[in-house]
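**Student:** Per numbering that gives the first Met the number 0, the very first residue in the sequence shown carries number 0; after that it's consecutive. Backbone N, C-alpha and C fix where the C-beta goes; we use that ideal spot for every residue, glycine too. What follows is a structure written as structure tokens; I'll ask about it next.
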Amino acid sequence: MRFETLAVHAGHRVDPSTGAVTPAIHPSTTFEREPDGSYPRGFLYARNANPNRNALEECLAALEGGEAAAAFASASAATSAVFLALEPGDHVVAPVDAYHGTCRLLRDTFSRWGLEATFVDMTDVAAVRRAVKPSTKLVWVETPSNPLWKVTDIAVICEIARAGGARFVCDNTTATPALQSPFRLGADLIVHATTKFLGGHGDVIGGAVVTRTRDPFFEKVRAIQAAGGAVPSPFDCWLVLRGVRTLPYRMRAHSENALRVAAFLARHPGVEAVHYPGLPSHPGHDIARRQMAQFGGMASVQVKGDRDRALAVAAKVRVFTRATSFGGTESLLEHRASIEGPGTRTPENLLRLSIGLENTDDLIEDLDQALA
Ligand SMILES: *Cc1c(COP(=O)(O)O)cnc(C)c1O
């Protein structure tokens with residue numbers, strides 16, 4: 000089946016007991032055993048598995064073209080599960096501009112647990128090659144990356160990981176499987192914040208690990224999911240599954256709107272720089288054209304001036320909402336350095352834009368009056 004059809008049908012089946020077309024939400028924590036103690040329907044206790052989570056996992060695996068998926072209460076929990084499946088003493092190569100929560104987990108939490116990490120610029124292939132050493136067990140990429148939307152060549156970095164005997168993980172949150180297929184480019188695992196475009200409506204926190212093959216490493220992730228218990232509620236799974244049904248169409252609209260907004264900003268006299276992989280001037284544009292179907296809904300703008308000027312522009316928006324996160328139907332704008340705090344590498348004059356599904360003319364007019 001093709002992608003749009005999978006998005007609508009994967010993980011869905013008409014309920015045999017009622018004929019309901021839309022899936023039910025199953026809040027039950029526990030499930031009946033047969034007189035002989037068996038549980039032939041596969042459900043025992045809802046931390047281990049429940050119908051809504053199974054449906055979501057089946058859907059996410061199908062969308063990415065993987066064999067299986069494990070859903071978590073957040074992407075941060077999914078990321079932690081991948082790190083926990085390694086051994087103390089193992090080494091991880093991660094992007095210097097990985098999601099700040101991922102960097103923080105490696106720096107503050109997993110360093111104390113004995114996991115070693117090297118942070119590199121993933122667009123510098125020689126630097127990645129130098130960073131890999133005999134103890135490297137995992138290479139992590141995130142592309143396009145936040146907040147400059149730098150583009151990592153997935154196939155090239157995967158090859159380096161492979162040559163070094165390391166597992167290769169791609170955080171596919173910003174592109175989504177609608178625009179980018181890391182498994183086709185060699186990835187072993189894909190991590191998602193379903194919080195963002197997959198959920199798509201800003202109403203659920205969730206994460207997932209998708210695996211290309213059901214191997215022993217993934218079975219460890221699965222065991223950590225059940226034993227650690229950072230699992231999403233049945234309702235949260237239902238919400239993400241509902242969001243996924245419209246993912247292909249939303250991503251097309253997010254991408255078209257973002258391209259128009261980025262092109263407008265690139266011509267604006269009040270703008271110093273625009274970061275959007277769809278602009279030919281973007282350093283990752285050629286790689287993005289090769290490995291992405293469209294360029295996604297995320298862009299950043301550096302205004303001419305300093306932090307105060309950026310905050311003044313942010314203060315004036317009316318259609319955009321000043322808020323963190325991304326991937327919902329409504330456009331959001333965020334002064335990124337403020338949320339990342341002291342030590343951030345993000346320019347102080349940068350505003351991050353999550354381009355929503357509004358009419359693009361309204362978004363452009365709003366930014367135009369805010370920049371005036
Ligand atoms: C938001 C985000 C995460 C973390 O997601 P949570 O569900 O909030 O834990 C991880 N990676 C990327 C790329 C993200 O944008």
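Three or more C-beta pairs closer than 8 angstroms, one from the segment 3-17 and one from the segment 184-198: is that the case here?
**Tutor:** No: fewer than three Cβ pairs fall under 8 angstroms.
**Student:** Can K195 be considered in contact with ligand 2, in the sense that its beta carbon sits closer than 7 angstroms to one or more heavy atoms?
**Tutor:** Among the ligands modelled here, namely ligand 1, ligand 2 does not occur.
**Student:** What is the C-beta distance between E333 and R344, in whole angstroms, given that I count them as a contact (C-beta under 8 angstroms)?
**Tutor:** If you number the sequence shown from 1, residue 333 lands on position 334. If you number the sequence shown from 1, residue 344 lands on position 345. With 8 angstroms as the limit, E333 and R344 do not qualify as a contact, their Cβ atoms being about 16 angstroms apart.
**Student:** Tell me the rounded alpha-carbon separation between G228 and R106.
**Tutor:** Start at 1 with the first residue of the sequence shown, and residue 228 comes out as number 229. Start at 1 with the first residue of the sequence shown, and residue 106 comes out as number 107. If you take the alpha carbons of G228 and R106, they lie about 23 angstroms apart.
**Student:** Taking only the alpha-carbon atoms, compute the straight-line gap between E329 and H200 and give it to the nearest angstrom.
**Tutor:** Numbered from 1 along the sequence shown, position 330 holds the residue referred to as residue 329. Numbered from 1 along the sequence shown, position 201 holds the residue referred to as residue 200. Near 8 angstroms, if we compare the C-alpha coordinates of H200 and E329.
**Student:** Within the present structure, is the beta-carbon of D96 separated from the nearest heavy atom of ligand 1 by less than 7 angstroms?
**Tutor:** Within the sequence shown, numbered from 1, the residue matching residue 96 stands at position 97. No, Cβ of D96 sits at least 7 angstroms from all heavy atoms of ligand 1.
**Student:** Please identify the residue among P282, L352, A23 whose C-alpha is closest to the C-alpha of H253.
**Tutor:** Position 254 of the sequence shown, counting from 1, holds the residue named residue 253. Nearest of P282, L352, A23 to H253, Cα basis: L352.
**Student:** Enumerate in chain order the residues of its own chain whose CB-to-CB distance from L246 is below 6 angstroms, with the five nearest sequence positions on each side excluded.
**Tutor:** Against the sequence shown, residue 246 aligns to sequence position 247. A6, A177, listed in sequence order.
**Student:** Note the first and the last residue of the continuous alpha helix (DSSP H) segment covering K315.
**Tutor:** For the purposes of this step, residue 315 is taken as residue 316 along the sequence shown, with counting starting at 1. Residues 306-315.
**Student:** Going residue by residue through the segment 65-153, where are the continuous alpha helix (DSSP H) segments of at least 4 residues, counting only ones entirely within it?
**Tutor:** With a minimum length of 4 residues, the continuous alpha helix (DSSP H) runs that stay inside the segment 65-153 are 74-83, 99-103, 124-130.
**Student:** According to the neighbour-count rule (16 or more other Cβ atoms, all chains shown, within 10 Å of its Cβ), is W112 buried or exposed?
**Tutor:** Within the sequence shown, the letter at position 113 stands for residue 112. Flag for W112 reads exposed.
**Student:** Which residues in the same chain as R213 place their Cβ atom closer than 8 angstroms to its Cβ, once the five residues preceding and following it in sequence are excluded?
**Tutor:** Translated into positions along the sequence shown, residue 213 becomes position 214. Excluding residues within five positions, the ones whose Cβ falls inside 8 angstroms are E66, A67.
**Student:** Would you call the CB atoms of I338 and A298 closer than 8 angstroms?
**Tutor:** Here residue 338 is taken as the residue at index 339 of the sequence shown, counted from 1. Here residue 298 is taken as the residue at index 299 of the sequence shown, counted from 1. No. Outside cutoff.
**Student:** So, does the segment 28-46 touch the segment 267-282, judging by three or more C-beta pairs under 8 angstroms?
**Tutor:** With a cut-off of 8 angstroms, the segment 267-282 and the segment 28-46 do not count as touching, because too few Cβ pairs lie within range.
**Student:** What did DSSP end up calling E357 once you bin it into helix, strand or coil?
**Tutor:** Numbered from its first residue, the sequence shown carries residue 357 at position 358. Three-state result, E357: coil.
**Student:** Taking all protein chains shown into account, decide if A287 is buried (16 or more other Cβ within 10 angstroms of its Cβ) or exposed.
**Tutor:** Looking up residue 287 in the sequence shown gives position 288. Answer is buried; the Cβ neighbour count reaches 16.
**Student:** As an exercise, report each continuous beta strand (DSSP E) stretch of at least 3 residues that is fully enclosed by the segment 187-223, in chain order.
**Tutor:** Entirely contained in the segment 187-223, the beta strand (DSSP E) runs reaching 3 residues are, in chain order, 188-192, 206-210.
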